[in-house]
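Residue numbers (our numbering), protein chains in the order written: chain A, 1 to 274; chain B, 275 to 548. Below is one structure; the comments refer to it alone.
Protein chains: 2
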Amino acid sequence: MIQSIEILCVGKELLIGKTLNTNTHWLAKRATTLGLEVSRITVVGDDVNEISVALLEATQRNPRFIITVGGLGPTFDDKTLEGVAEALGCELEVHDEALRMVEEKYRRYVEEGRIESMELTPYRVKMAKLPKGAKPLFNPIGTAPGVLIEHGRTTLIALPGVPSEMKAIFEESVVPLFRQAAGDVNYFEASLNVEEIVESDIAPLIEQVMHDNPYVYIKSHPKGVEKVSRIELHLSTTAEDSNTAKNRISKALIQISELIENRGGKVRPLKSKP
Amino acid sequence: MIQSIEILCVGKELLIGKTLNTNTHWLAKRATTLGLEVSRITVVGDDVNEISVALLEATQRNPRFIITVGGLGPTFDDKTLEGVAEALGCELEVHDEALRMVEEKYRRYVEEGRIESMELTPYRVKMAKLPKGAKPLFNPIGTAPGVLIEHGRTTLIALPGVPSEMKAIFEESVVPLFRQAAGDVNYFEASLNVEEIVESDIAPLIEQVMHDNPYVYIKSHPKGVEKVSRIELHLSTTAEDSNTAKNRISKALIQISELIENRGGKVRPLKSKP
């Protein structure tokens, strides 16, 4: 069975178009490649109520994982954990292990001469205040730990918004959980470049091939510039083992290529990869 | 009063991490610059039920605008208008003006020698099937028209997912509506680069300046690489006129710069723009 995951990004910088959301792109690709299925992505601002409402909605859709991104730092508008606590109806409390992680970071910053005092100010302690029952995930790059909470069948994971920190915690602490949840499920994809045929004429061919290959998803992406039709056809599947996945894609690739060429279009393989 | 807008992106390519969501980034920036406030961004797959549920949730939050992106083309998985019809409880029907727009496009493609037949196949007619009561928005670049529907106080606008088409319809048909809704409201922003101070030590300074400048939002974005603290401070405001907006930002910029320098940090102006 394919396990689902929702991503909730927190950050005004995404809503004002200051920051391009590369985090979601990266996470969605990693999760898909690991055999999971991202079912929804949501972006909200730095507001406790907005975060908790969006999280509550997500938990009600009952995904296997929810990943939040952003809002774990020391400033007033880092409000993700407050939102999580409100959504799950629990308190925030200083977590001993998390506090040791934060303390160790500031000890190192002092040693490196980056700061003068390793005093645990309220702003620093804030990063160790986790929802009750949560556990911290070590941050190999930055200061604020990630956070993991089990909630019914859903595992909720909060990651920082700084891309290098998000990726490091994901690779170290989240990938093992995803692999376990995905089991042997394998994702496989391939792309074709198609020219000299318009999308409305490819549409019935895609329909036919998807009917004959029910586990393969084919999507057309028009890439044409003025007066030249160029369409990328993207084929993907998720199967119980990698051979099945590859065979499905190969079979569909051959069929769609033949149909397009018979219809007068030109086909060029673009790439295929697991 | 600041008018709100929600963005709903439809497309499996975003959920599998195949496509980086530059559309949302561009739209959010344009909407913000025009004086509106993006309150939420949602991404769902090419599924009528997922689209209609997400739209229904959005309409219940009662934003001034909802923009959907993607899913207007001729293929089986272009399902946005079906989702809109389901959410609003109306039927899809062929819209005469939309059909003329689509027909005219295929007439031109035949003239340009790109296709042989301008026959209005069901796949081509599909792009002219709009929810009852909707009106088409001319697409200067591609084939499928955009779509506008009034629903209570919310104006719902459906744009195609191909970036050049989305932008062209937006500039031509949506910008005038946004300007009218925004009135004289002006957005202004500025950024500072801050070095030699860590985020947890800037946190109380931001809090103080935001307390003294209640209409200015200040957000810290850590950009540091290993062992070097570099933080971008982003200040933004939305005001009834542009002078007020600029003055607010200038005042807050001066105060935060002084506070950071007194605390031992280094400040360098990065950029400021309307």
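Glycine included, every Cβ here is placed at the ideal spot set by N, Cα and C.
Practice problem: Note down the Cα distance separating B:T342 from A:T121, rounded to an integer number of angstroms. | Solution: Residue mapping note: residue 342 of chain B aligns to position 68 of the second sequence, counting from 1. Residue mapping note: residue 121 of chain A aligns to position 121 of the first sequence, counting from 1. Answer to the nearest angstrom: the Cα atoms are 44 angstroms apart.
Practice problem: Anything in chain B within Cβ reach of A:G73, meaning under 9 angstroms, just list it in chain order. | Solution: By one-based count along the first sequence, residue 73 of chain A stands at place 73. The answer, in chain order, is E473, S474, A477, S494 and P496.
Quiz item: So what's B:K269 in DSSP terms, helix, strand or just coil?
Solution: The question about residue 269 of chain B has no answer here: the residues shown for chain B are numbered 275 through 548.
Quiz item: Can you tell me the Cα-Cα spacing of A:P274 and A:R248, whole angstroms?
Solution: Here residue 274 of chain A is taken as the residue at index 274 of the first sequence, counted from 1. Here residue 248 of chain A is taken as the residue at index 248 of the first sequence, counted from 1. Because A:P274 sits at a pLDDT of 49, beneath the cut-off of 50, its placement in the model cannot be relied upon, and the following sentence gives the value as read from the coordinates. Their backbone Cα atoms lie some 13 angstroms apart in a straight line.
Self-check item: CA nearest to the CA of B:E356, picked from B:Y461, B:E506, B:S465 and B:V284
Solution: Counted from its first residue, the second sequence places residue 356 of chain B at position 82. Nearest option by C-alpha distance: B:V284.
Quiz item: Does any residue of chain A bring its CB to less than 7 angstroms from the CB of B:H299?
Solution: Walking along the second sequence from the start, residue 299 of chain B turns up at place 25. B:H299 counts as touching chain A.
Exercise. Kindly indicate which three-state DSSP category B:P543 falls into: helix, strand or coil?
Key: Translated into the one-based positions of the second sequence, residue 543 of chain B becomes position 269. Looking at B:P543 - three-state DSSP - the assignment turns out to be strand.
Quiz item: Does DSSP classify B:P548 as helix, strand or coil?
Solution: Taking the second sequence and counting its residues from 1, the one referred to as residue 548 of chain B is at position 274. Note that B:P548 scores a pLDDT of 49, beneath 50, so its modelled location is shaky and nothing firm can be said.
Exercise. Check each candidate in B:I415, B:S531 and B:G309 and name the one with the smallest Cα separation from B:P450.
Key: Here residue 450 of chain B corresponds to residue number 176 of the second sequence, with the count starting at 1. The residue with the shortest Cα to Cα distance from B:P450 is B:G309.
Self-check item: the segment 354-369 of chain B / the segment 165-173 of chain A touching (three or more Cβ pairs under 8 angstroms)
Solution: no
Practice problem: Would you tell me roughly how many angstroms separate the C-alpha atoms of A:E93 and A:M127, rounded to the nearest one? | Solution: Mapped onto the first sequence, residue 93 of chain A falls at position 93. Mapped onto the first sequence, residue 127 of chain A falls at position 127. When rounded, the distance between both Cα atoms is 10 angstroms.
Quiz item: B:P548 CB to nearest chain A CB: under 7 angstroms?
Solution: For the purposes of this step, residue 548 of chain B is taken as residue 274 along the second sequence, with counting starting at 1. At B:P548, the pLDDT of 49 sits below 50, so the modelled position is not reliable; the number obtained from the coordinates is stated separately. Chain A contact via Cβ: absent.
Quiz item: Are the CB atoms of A:E195 and A:K266 nearer to each other than 7 angstroms?
Solution: Locating residue 195 of chain A in the first sequence gives position 195, where the first residue counts as 1. Locating residue 266 of chain A in the first sequence gives position 266, where the first residue counts as 1. Yes, these two residues count as a Cβ contact at 7 angstroms.
Quiz item: Is it true that the segment 415-434 of chain B meets the segment 325-339 of chain B, where meeting means three or more beta-carbon pairs spaced less than 8 angstroms apart?
Solution: yes
Self-check item: Proximal residues of chain B, C-beta to C-beta of A:G146 below 8 angstroms
Solution: For the purposes of this step, residue 146 of chain A is taken as the residue at position 146 of the first sequence. The contacting residues do not exist; A:G146 stays about 15 angstroms from chain B at best.
Practice problem: Mind listing the chain A neighbours of B:T306? Cutoff is C-beta to C-beta under 9 angstroms, in chain order. | Solution: Counted from its first residue, the second sequence places residue 306 of chain B at position 32. Here the neighbours are L15, I16, G17 and K18.
Quiz item: So, helix, strand or coil for B:R382, using DSSP?
Solution: Reading the second sequence from its first residue, position 108 is the one you call residue 382 of chain B. DSSP places B:R382 in helix when its eight states are reduced to three.
Exercise. In the DSSP assignment, find the beta strand (DSSP E) that holds B:L509 and state where it starts and stops.
Key: As a first step, residue 509 of chain B is located in the second sequence; it is residue number 235 there, counting from the start. First-last of the beta strand (DSSP E) with B:L509: R504 to A513.
Quiz item: Quick one: complete alpha helix (DSSP H) runs, 4+ long, within the segment 353-383 of chain B?
Solution: 354-362
Quiz item: Mind listing which residues of the segment 114-129 of chain A have their C-beta closer than 7 angstroms to chain B's C-betas, in chain order?
Solution: R114, I115, T121, Y123 and R124
Exercise. Establish whether the CB of B:F339 and some CB of chain A are separated by less than 7 angstroms.
Key: Here the question's residue 339 of chain B lines up with position 65 in the second sequence. B:F339 does not count as touching chain A.
Exercise. Return the Cβ separation of B:V327 and B:I281 in integer angstroms, given the expectation that the two are a contact with Cβ distance under 8 angstroms.
Key: In the second sequence, the residue the question calls residue 327 of chain B occupies position 53. In the second sequence, the residue the question calls residue 281 of chain B occupies position 7. Not confirmed; about 16 angstroms, so no contact.
Quiz item: Along chain B, which residues have their Cβ under 9 angstroms away from the Cβ of A:T278?
Solution: One cannot answer for residue 278 of chain A here, as it falls past the ends of chain A, which runs 1 to 274.
Quiz item: For a contact meaning CB atoms closer than 9 angstroms, what does A:I231 contact in chain B?
Solution: Stepping through the first sequence from its first residue, residue 231 of chain A is reached at position 231. Chain B residues near A:I231: none, gap ~10 angstroms exceeds 9 angstroms.
Quiz item: Listing by chain order, which chain A residues have their CB less than 8 angstroms from the CB of B:T316?
Solution: The residue given as residue 316 of chain B occupies position 42 in the second sequence. Ordered by position in chain A, the residues that pass the 8 angstroms Cβ test against B:T316 are R40, I41, T42 and V43.
Self-check item: B:S465, buried or exposed, once every other Cβ within 10 Å from all chains shown has been counted against 16
Solution: By 1-based counting over the second sequence, the position of residue 465 of chain B is 191. B:S465 should be labelled buried.
Quiz item: Is there at least one Cβ from chain B nearer than 7 angstroms to A:N21's Cβ?
Solution: The sequence position of residue 21 of chain A within the first sequence is 21, counting from 1. Chain B contact via Cβ: present.
Quiz item: Do you know whose CA, among A:R230, A:T42, A:E119 and A:T75, lies nearest B:M484's CA?
Solution: Here residue 484 of chain B refers to the residue found at position 210 when the second sequence is read from its first residue. For B:M484, the nearest C-alpha among the options comes from A:T75.
Quiz item: Using a beta-carbon distance cut-off of less than 8 angstroms, what residues from the segment 506-537 of chain B approach chain A?
Solution: H508 and S510
Exercise. Using a threshold of 7 angstroms, state whether the C-beta atoms of A:Y123 and B:A477 are closer than that.
Key: Taking the first residue of the first sequence as position 1, residue 123 of chain A is located at position 123. Taking the first residue of the second sequence as position 1, residue 477 of chain B is located at position 203. In this structure, B:A477 lies closer than 7 angstroms to A:Y123 by Cβ.
Quiz item: Since A:I254 is in the alpha helix (DSSP H), which residue starts that stretch and which ends it?
Solution: Along the first sequence, one-based indexing puts residue 254 of chain A at 254. Its alpha helix (DSSP H) spans residues S242 to N262.
Quiz item: Less than 7 angstroms separating the beta-carbons of A:S117 and A:I141?
Solution: Here residue 117 of chain A is taken as the residue at index 117 of the first sequence, counted from 1. Here residue 141 of chain A is taken as the residue at index 141 of the first sequence, counted from 1. Not closer than 7 angstroms, so no.
Quiz item: Mind pulling the chain B residues with CB within less than 7 angstroms of A:V10?
Solution: Numbered from 1 along the first sequence, position 10 holds the residue referred to as residue 10 of chain A. Correct list: empty, because the minimum Cβ distance to chain B is about 11 angstroms.
Self-check item: Under 9 angstroms by beta carbon: chain B residues contacting A:A182
Solution: In the first sequence, the residue the question calls residue 182 of chain A occupies position 182. Within 9 angstroms Cβ-Cβ: nothing; A:A182 doesn't reach chain B, min ~14 angstroms.
Quiz item: Can you tell me the Cα-Cα spacing of A:Y187 and A:A239, whole angstroms?
Solution: Here residue 187 of chain A is taken as the residue at index 187 of the first sequence, counted from 1. Here residue 239 of chain A is taken as the residue at index 239 of the first sequence, counted from 1. Taking the straight line joining both Cα atoms gives about 7 angstroms.
Quiz item: According to DSSP, is B:V448 helix, strand or coil?
Solution: What you label residue 448 of chain B is simply residue 174 of the second sequence in a count that begins at 1. In the structure shown, B:V448 sits in a helix (DSSP, three-state: H, G or I).
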